[in-house]
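Enquirer: If you scroll down you'll find the structure; I have some questions about it.
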Amino acid sequence: MLHRSVIGALVLFCATWLAASNAEAYMAFVSNEKGNTVSVIDTDKMAVVATIPVGQRPRGIAISKDRKTVFVCTSDADHIEAIDADSMKVARTLPSGADPELFAPSPDGKYLYVANEDNALVSVLDIDQGAVANEIPVGVEPEGMGVSPDGKWLVATSETTSMAHFIDTDSFQVVDSVLVDTRPRYAEFTPDGKEVWVSSEVGGTVAVIDVATRKVLKKISFAIQGVRPETIQAVGISITKDGKTAFISLGPANRVAVVDAASFEVKDYLLVGQRVWHTDLTPDGKYLLTANGESNDVSVIDVASLKVLKSIPVGELPWGVVIR
Amino acid sequence: MRAVLMAAVMALCASSVSAETITKFWNLTRNTVDALQLAPAGSSDFGPNLCLADPDKSVDYDERLKISGLSSGIYDARIHDVAGRTCRAKNVRVEAGKIFSISEKELNGCTP
């Protein structure tokens, strides 16, 4: 009798321990633009555990609502590939329009909003149907795509027009356009949906736009001692779940700026790998991973201490990262 | 006579396809490039500035420049960027209709 209860307790302990372990085992998927692969990093081991061959020039990368599928834009292949996150194999290919670069999934998991740089369109891709359901004309060379947490707003940034276009997702019409600095690359909503942050690569700034009024609340600039101003090029943005801190990738400045999201003050600059593009936070908010295009690695930043812990070698020209 | 006519038509078709073939230069150097000239490898017969075909006459980092009518071959490249550097890249392999890249580490003899 005693023997049975001991075994039962052991089984319960093991099950709990396994569940806890699995809950913390995040996988980061990194698109390697020139390597034509996606590297998979186990964030516990801090090492690459798999490399997935994909189509040519993988860039934008995102995860489905159910977190079972990783979507990657394969720009030179003119489509999107859907990777089964468990088997780590490409399971489906979806149409996207020409030269897809960045996209954003709708919060309900139904659509992917895709920026088609070559033809100044945003494609609305119905994931289940595997077909383009709508096309929205926007400014020249659309790139950054952000969706509000409630799914009502889609913001597309157009590089050449230097605008953030606000699209109503009920009508799929552009209802407003906000002028930002030169070459806007990325749009990220704050978790409360009240602001959208837009990075401008050539301008080297981030515009914080009030969603309700579509007015620029603040333009954040960056200055790093000993670094030439023209190399400070704002690209990727990640904002913590509590909305308190934003991390801005500064491209060839090889730094990530840490910004207080309430005061908009830059608190720190963290030295990472070369030409940092895009970033993502682990779901528990503990780590920020950065894709460093020129040094072919990923930097791991401890969010609490704001220390760069490690550099993990990945494929050739890492560009985007998403963590499951 | 028929064969000659056929050959002429085929040659015409081939040349029109070649003229429409778009080759792309992928800028992986450090800076925005505002001049790219190509010469047959080992020569200094540099052609025109290909960046002038771009809408803003320059090619940003990680962007592509569409070049029409470029023949396959091995070229030397002369590059000028917005930082004021003029650099060379030797033995750049170009395949018509495909993408060729020039990265920072391939540049040499940069001035100033």
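Protein chains in written order, with the numbering used here: chain A, -12 to 311; chain B, 14 to 125.
Built from N, CA and C at the ideal position, the CB exists for glycine as well.
1) Classify A/ALA69 as helix, strand or coil using the three-state DSSP reduction.
2) Taking Cβ-Cβ distances below 7 Å as the criterion, which residues of the stretch 39 to 51 of chain B are in contact with chain A?
3) Give me the chain B residues within the contact set of A/PRO239, using Cβ-Cβ distance strictly less than 7 Å, ordered along the chain.
4) Alpha carbon to alpha carbon, how far is A/ALA278 from A/VAL309? Give it in angstroms, no decimals.
5) With three or more C-beta pairs closer than 8 Å as the rule, is the stretch 246 to 266 of chain A touching the stretch 22 to 41 of chain A?
6) A/TYR13 lies in the beta strand (DSSP E); which residues open and close that run?
7) In this structure, what does DSSP give as the bridge partners for A/ASN23?
8) Hey, out of A/TYR274, A/PRO239 and A/ALA107, whose CA is closest to A/LEU258's CA?
9) Expressed to the nearest angstrom, what Euclidean distance is found between the alpha-carbon atoms of A/ASP197 and A/MET150?
10) Out of A/LYS254, A/LYS206 and A/GLY223, state which residue places its alpha-carbon closest to the alpha-carbon of A/ASP267.
11) Just verifying my parser: in three-state terms, what is the DSSP assignment at A/LEU293?
12) Is A/GLU316 helix, strand or coil when you go by DSSP?
13) Assuming B/PHE59 and B/ARG106 make a contact with CB atoms under 8 Å, what is their CB distance in whole Å?
14) Starting from A/PRO87, trace the beta strand (DSSP E) both ways and give me its first and last residue.
15) Measure the C-alpha to C-alpha separation of A/SER8 and A/LYS273 and round it to an integer number of angstroms.
16) Any idea what DSSP makes of B/ASP67, helix, strand or coil?
17) If you drop the 5 nearest sequence neighbours on each side, which residues of the same chain put their C-beta closer than 8 Å to that of A/VAL189?
18) Within the chosen definition, does the stretch 122 to 138 of chain A reach the stretch 159 to 166 of chain A through at least 3 CB pairs nearer than 8 Å?
19) Beta strand (DSSP E) containing A/TYR256: first to last residue?
20) Using the Cα positions of A/VAL287 and A/GLN212, report the straight-line distance between them to the nearest angstrom.
21) Evaluate B/SER56 with the Cβ neighbour count: other Cβ atoms within 10 Å of its Cβ, from every protein chain shown; 16 or more gives buried, anything less gives exposed.
22) Quick one: what's got a C-beta closer than 8 Å to A/ALA291's C-beta in the same chain, skipping five residues either side?
23) Which ranges does the beta strand (DSSP E) cover as unbroken runs of at least 3 residues, wholly within the stretch 49 to 118 of chain B, from first to last along the chain?
24) Which residues does DSSP pair with A/MET33 in a beta bridge?
25) In its own chain, which residues sit with a C-beta less than 6 Å from the C-beta of A/PRO94, not counting the 5 before and 5 after it?
26) Can you tell me which of the three DSSP states B/GLU33 falls into?
27) Flag this pair as yes or no: are the beta carbons of A/THR80 and A/GLU68 separated by less than 8 Å?
28) Taking the alpha carbon of A/ALA107 as the reference point, which residue from A/ILE114, A/GLU88, A/GLN116 and A/LEU99 has its own alpha carbon closest?
29) Taking the runs of the beta strand (DSSP E) that are 3 residues or longer, which of them lie wholly in the stretch 186 to 213 of chain A?
30) Just reading off the beta strand (DSSP E) that A/GLN160 is part of, what are its end residues?
Expert: By the coordinates alone:
1) Strand at A/ALA69.
2) Cβ contacts with chain A come from ARG43.
3) ARG43
4) 10 Å
5) no
6) Careful: A/TYR13 lies outside any beta strand (DSSP E) and carries neither H nor E.
7) Per DSSP, none; premise fails for A/ASN23.
8) A/PRO239
9) 15 Å
10) A/GLY223
11) Look at A/LEU293 here: in three-state DSSP terms it is coil, with no helix or strand label.
12) Beyond the ends of chain A as shown, which are -12 and 311, falls residue 316 of chain A; an answer cannot be given.
13) About 17 Å; that fails the 8 Å criterion.
14) 87 to 92 is the extent of the beta strand (DSSP E) around A/PRO87.
15) For A/SER8, the pLDDT reaches just 48, beneath the cut-off of 50, and the residue's location in the model is therefore unreliable, although a value from the coordinates is still provided. So the two alpha carbons sit approximately 15 Å from each other.
16) In this structure, B/ASP67 counts as coil in the three-state DSSP scheme.
17) Excluding sequence neighbours, A/VAL189 sits near ASP168, THR169, ARG170 and GLN220.
18) yes
19) 253 to 258
20) 23 Å
21) exposed
22) LYS273
23) 77 to 81, 86 to 94, 99 to 107 and 112 to 116
24) Its beta-bridge partners do not exist; DSSP assigns none.
25) GLY138
26) helix
27) yes
28) A/GLU88
29) 192 to 197 and 202 to 208
30) 160 to 166
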